[in-house]
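One structure below.
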Amino acid sequence: MAEEGFVKVADVGELGPGDMKAVEVGAEPVLLVNVDGTIFACDDTCTHALASLSEGDLSGEEVECPLHGAAFNVTTGEVLTPPADENLKTYQVRVEGDDVLIGPANQQA
Ligand code: FES
1277 MAEEGFVKVA
1287 DVGELGPGDM
1297 KAVEVGAEPV
1307 LLVNVDGTIF
1317 ACDDTCTHAL
1327 ASLSEGDLSG
1337 EEVECPLHGA
1347 AFNVTTGEVL
1357 TPPADENLKT
1367 YQVRVEGDDV
1377 LIGPANQQA
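Per my numbering, the very first residue in the sequence shown carries number 1277; after that it's consecutive.
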């Protein structure tokens, strides 16, 4: 049984290292990213103007927005490059067997 507050959003096999995938948690679009074998989750929607980051470019821990090029660290949610100036929320991730589970948002630092 998944721990309370965690929902299955994907199978582990769907996300190889360097892959990204947008999923919905409730009504929230969330971006799953496999960085060197570890799966992270953050908001999929750019904090600048509503683009889907899953359609951007991933390089290591960094995703670049497809619309105006803002970059974020997907492991911390931190914005790295304008024009965005707000961090993304990140979410707790669990892997149980073949299931990728997303939990509550992490507290912002
Ligand atoms: S919408 Fe992402 S940088 Fe503008």
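The C-beta atom is built at its ideal place from N, Cα and C for all residues, glycine as well.
**OP:** Can you check the stretch 1348 to 1379 for any beta strand (DSSP E) of at least 3 residues that lies completely inside it and give the ranges in chain order?
**Re:** 1355 to 1357 and 1366 to 1372
**OP:** Measure from the alpha carbon of L1291 to the alpha carbon of each residue in T1366, E1300 and V1309, then state which is nearest.
**Re:** V1309
Original post:
Quick one: what does DSSP say L1291 is sitting in, helix, strand or coil?
Top reply: coil
Original post:
Hey, is the stretch 1345 to 1363 in contact with the stretch 1305 to 1322, meaning 3+ C-beta pairs nearer than 8 Å?
Top reply: yes
Subject >> Which residues DSSP lists as bridging T1323, in chain order >> reply: In the DSSP output, where bridge partners are listed per residue, T1323 has none listed.
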